[in-house]
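The block underneath contains the structure these notes are about, expressed in structure tokens.
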Ligand code: HEM
Ligand code: SF4
Ligand code: SF4
């Protein structure tokens, strides 16, 4: 490894250095208490995936280039250069990490390993080793917004198709999916697919909400890639739209990381203060149901369980609303053990579902989730994160769980009194 | 013997004291002057008020309830070590000044007996905990994760503790004599009292201090800076 | 419309939700030779924007993208 590259990579670490990171790198006792917190380590027993080990790779660079003791006596800390061997292991352990922060929950010092790994990603990107698939997905998102005129008609005509379905579903020919509506209360930011738009549109329609649909999807592969600049730009697209339309709140669809990006990261990244609230769609639906604006019947009589996506629960702070919604829809709600802030990560977060080389590993890492689901005896597992659902669908298949993995909005829609529901459900 | 004591119980103490204070000061200065992350790194649920956040931080740091849940045995030994270390630290304050109330309550004999028991228990618990930590680092993922620093610290600690226990259990020297030595250091007029020099534990004090000095010198450059960092890192958890 | 184009690989992306159709195309592009063509069929309308955006930002080419009934059909050519 030539000195030029070392300078580049340590330069990235220097640029990303902040008080928290420095303390995390200085104080870890290497006690390995975090090891049994990580679903990936627990399922594989592979040292590469032990949380403190992942961070240790960054610590080794830090010790060598940022501390006097490590510079003079590198052997004491196993301090070393960011060479090819280190980068190989770092790539594997960093892009595997789902960013669930369960290790942080159990660490006696609350060391945020996922935060250390966000710096690891910046280092990997600078070394030309950023994950290629996540990079392509991020670039595609940005390409769409940079050349928006090219895609506008396609996107809007897609919305029109969904609007036709909505009219049929609600039996209301005036039902619409508004876009670009100046002065609406809510800007709803969905995913690119119809599945995140139609149920929300039906719910907003029934609740009589003043809303408008964002032209852009909330999914943020720049965040998973670990490129803060791209991640911010991807989120800017709908944040700018919200400012332009003068909405009172931005409501993010049932997606874990998108909510955390919008609610927690974006203001810090952009150095701005949002002139609107950011809420998760489930907060809104829960409010509608409790206020009586949205009528639902308790139409589900098989046992239902709920999986807290890490970015919605532990890292997003939404624990009760989804449970309250499910309880309003189902007669038999069964929580997993442990739950809420101690919920096991399902293994599908952090962009890993898009990395096909890690598919087998990812399904293996869902071991704890499989045990949890089995123990509940539930027939439906509801969860509001696209990545979680993809992972649990996979587990459902490979482990023969025989459950239905459902989005909460879909369950809500099934329990709404929609005249055209039957036809639409069959069509979907 | 005199040269050895001169180095470890006089010169070494000054050097270690300076390095420790300067090193910790430098470490804290570095932390304080590095800008905070603009991103809030807290996790949920978190207390709403500042007071609540501080209480949670103290609880998380001093009791570590989450760690207790995931690895109870490690937590038990860690608790044992840290509480005993705190007790030992408090005990060592007698070197600076005799406690105000206790001796008059217990009498001189009673005080020595009490200190003997308390110190003996603390010393034994610490030794057991450190031996457990060393043993734990000899196999599996714990061994894989360990770096030489981890063993070095544990060996230094073990040295401090064993020699301390040796003085406690074998020696006949009492606190007044040690206090005379320590206060002479504080007054920059170092003397090593004959009562120590010619006792059976003169060399143990020397060796105890050898390990203490080494530990103190290394302290600011080691993971032991968690002594301070654990509080601030745990506070970030509820930001 | 695509009768005169030789398709090297057929991808059935029906039922996959965005961005998975784009992910699958991207993962499979190296399975056809340079100049080769993938025919992909998706049902998620989001793919209509996603797949062309992916192709352009990675320097590949979408020969055609169109709706056939409730399906979206793409012909993607590997350029490099
Ligand atoms: C307020 C002060 C302190 C707090 C809150 C604190 C807390 C902790 C915690 C939570 C751990 C990690 C996990 C564990 O082993 O259970 C730990 C480890 C450790 N602490 Fe402390 N500590 C403090 C002071 C000290 C001091 C003064 C020393 C030594 C003189 C010390 C020596 C150690 C050692 C050696 C370990 C690592 C054990 C291992 O090898 O795994 N700590 N401390
Ligand atoms: S639990 Fe915390 S201090 Fe212990 S090894 Fe893991 S990250 Fe380090
Ligand atoms: S954040 Fe989650 S996946 Fe990543 S190391 Fe920690 S426990 Fe493992």
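Protein chains in written order, with the working numbering: chain C, 267 to 694; chain P, 6 to 244; chain W, 2 to 81.
Note that beta-carbon positions come from the ideal geometry of N, C-alpha and C, so glycine has one too.
In this text the structure is predicted, and so the values were computed from the model without any measurement.
Roughly how many angstroms lie between the CA atoms of residue 106/P and residue 535/C, to the nearest whole one?
Between the alpha carbons of residue 106/P and residue 535/C lies a distance of about 57 Å.
Within chain C, the residues that residue 50/W reaches when beta carbons sit closer than 8 Å
By Cβ distance, chain C contributes 410, 417, 420, 421, 424 and 458.
Which value, in whole angstroms, describes the spacing of the CA atoms of residue 382/C and residue 287/C?
For the pair residue 382/C and residue 287/C, the Cα-to-Cα distance works out to about 7 Å.
Below-9 Å beta-carbon distance, residue 47/W vs any chain C residue
For residue 47/W, the answer is yes, since a Cβ of chain C falls inside 9 Å of its Cβ.
If I follow the unbroken alpha helix (DSSP H) through residue 672/C, where does it start and stop?
Segment 670-672 is the beta strand (DSSP E) holding residue 672/C; no alpha helix (DSSP H) there.
Is residue 52/P near residue 58/P, with beta carbons less than 9 Å apart?
Residue 52/P places its beta carbon less than 9 Å from that of residue 58/P.
Contacts that residue 231/P makes with chain C (C-beta to C-beta distance below 7 Å)
Those are 293, 295 and 375, listed as they occur along chain C.
Stretch pair the stretch 440-454 of chain C + the stretch 515-522 of chain C: three plus CB contacts closer than 8 Å
By the Cβ test, the stretch 440-454 of chain C is in contact with the stretch 515-522 of chain C, since at least three Cβ pairs between them sit closer than 8 Å.
Could you compute how far the alpha carbon of residue 285/C sits from the alpha carbon of residue 472/C?
Computed Cα separation, rounded: 48 Å.
Please classify residue 53/W as buried or exposed, where buried requires at least 16 neighbouring CB atoms within 10 angstroms.
Residue environment analysis places residue 53/W among the buried positions, since at least 16 neighbouring C-beta atoms fall within 10 angstroms of its C-beta.
Give the straight-line distance between the Cα atoms of residue 694/C and residue 243/P, rounded to the nearest whole angstrom.
Because residue 694/C carries a pLDDT of 42, less than 50, the predicted location of this residue cannot be relied on, and the following value inherits that uncertainty. C-alpha separation (whole angstroms): 43 Å.
Compute the distance between the beta-carbons of residue 277/C and residue 408/C, then report whether it is under 9 Å.
Cβ atoms of residue 277/C and residue 408/C: not closer than 9 Å.
Beta carbon shell of ligand 3 at less than 6 Å from a heavy atom
Spelled out in chain order, the answer is 303/C, 304/C, 306/C, 317/C, 320/C, 363/C, 364/C, 365/C, 366/C, 367/C, 368/C, 369/C, 379/C, 380/C and 611/C.
For residue 598/C, return the contacting residues in chain A, with the cut-off set at a CB-CB distance below 9 Å.
No chain A is part of this structure, whose protein chains are labelled C, P and W.
Integer-rounded CB distance, given that residue 673/C should sit under 8 Å from residue 646/C
Taking a contact as a CB-CB distance under 8 Å, the pair residue 646/C and residue 673/C does not count as one, their CB atoms being some 11 Å apart.
Neighbour-count burial assignment, residue 77/P, 16 or more Cβ in a 10 Å radius:
With a threshold of 16 other beta carbon atoms within 10 Å, residue 77/P falls short and is exposed.
Would you call the CB atoms of residue 656/C and residue 614/C closer than 9 Å?
In contact: residue 656/C and residue 614/C (Cβ atoms closer than 9 Å).
Name the residues in the stretch 53-66 of chain W whose C-beta lies less than 9 Å from a C-beta of chain C; which are they?
The residues in question are 53, 54, 55, 56, 57, 58, 59 and 66.
Residues of the stretch 6-24 of chain W in Cβ contact with chain C at a cutoff of 7 Å, in chain order, please.
Under the 7 Å Cβ criterion, the stretch 6-24 of chain W contributes 18, 19, 20, 23 and 24.
If we ignore side chains and look at the alpha-carbon of each, how far apart do residue 395/C and residue 458/C end up?
C-alpha separation (whole angstroms): 27 Å.
How about residue 218/P: is its C-beta nearer than 9 Å to some C-beta of chain C?
Chain C, which has no Cβ nearer than 9 Å to the Cβ of residue 218/P, makes this no.
Starting from residue 67/W, follow its DSSP beta bridges and name the residues at the other end.
According to DSSP, which records beta bridges pairwise, residue 67/W is partnered with 74/W.
Just to confirm my understanding: we take residue 20/P, look at its own chain, exclude 5 residues before and 5 after, and list those with CB closer than 8 Å. What are they?
These residues qualify, in order along the chain: 218 and 222.
If you check the beta carbons only, do residue 28/P and residue 225/P fall under 9 Å apart?
The answer is yes: Cβ separation under 9 Å.
For the stretch 143-160 of chain P against the stretch 90-103 of chain P, do three or more pairs of beta-carbon atoms, one drawn from each stretch, fall closer than 8 Å, so that the two count as touching?
They do not touch, by the three-pair rule.
Kindly indicate the opening and closing residues of the alpha helix (DSSP H) around residue 398/C.
If you look at residue 398/C, you'll find it in the alpha helix (DSSP H) that goes 398-412.
If you count every other CB in all the chains shown that lies within 10 Å of the CB of residue 172/P, and 16 or more means buried, which is it?
Buried, by the Cβ-count rule.
Nearest chain W C-beta to residue 284/C closer than 9 Å, yes or no?
No, its Cβ sits nowhere closer than 9 Å to a Cβ of chain W.
N-terminal and C-terminal residue of the alpha helix (DSSP H) that residue 160/P is part of:
Residues 153-175.
Grouping DSSP H, G and I as helix and E and B as strand, with all else coil, what is residue 3/W?
Here residue 3/W scores only 46 on pLDDT, less than 50, and its place in the model is too uncertain to base an answer on.
For residue 7/P, list the residues DSSP reports as bridge partners.
When beta bridges are read from the DSSP output, residue 7/P appears opposite no residue.
Return the Cβ separation of residue 566/C and residue 361/C in integer angstroms, given the expectation that the two are a contact with Cβ distance under 8 Å.
About 37 Å separates the beta carbon of residue 566/C from that of residue 361/C, a gap too long to meet the 8 Å contact definition.
Under the rule that 16 or more other beta-carbon atoms within 10 Å means buried, what is residue 641/C, buried or exposed?
Residue 641/C sits exposed, since fewer than 16 C-beta atoms from the chains shown fall within 10 Å of its C-beta.
Is any heavy atom in ligand 2 found nearer than 8 Å to the beta carbon of residue 375/C?
Because some heavy atom of ligand 2 lies under 8 Å away, the Cβ of residue 375/C counts as near it: yes.
With a threshold of 9 Å between beta carbons, is residue 144/P in contact with chain C?
No, residue 144/P does not count as interfacial toward chain C.
By the three-class DSSP mapping on this structure, what secondary structure does residue 501/C have?
Residue state for residue 501/C is assigned as helix, using DSSP reduced to three classes.
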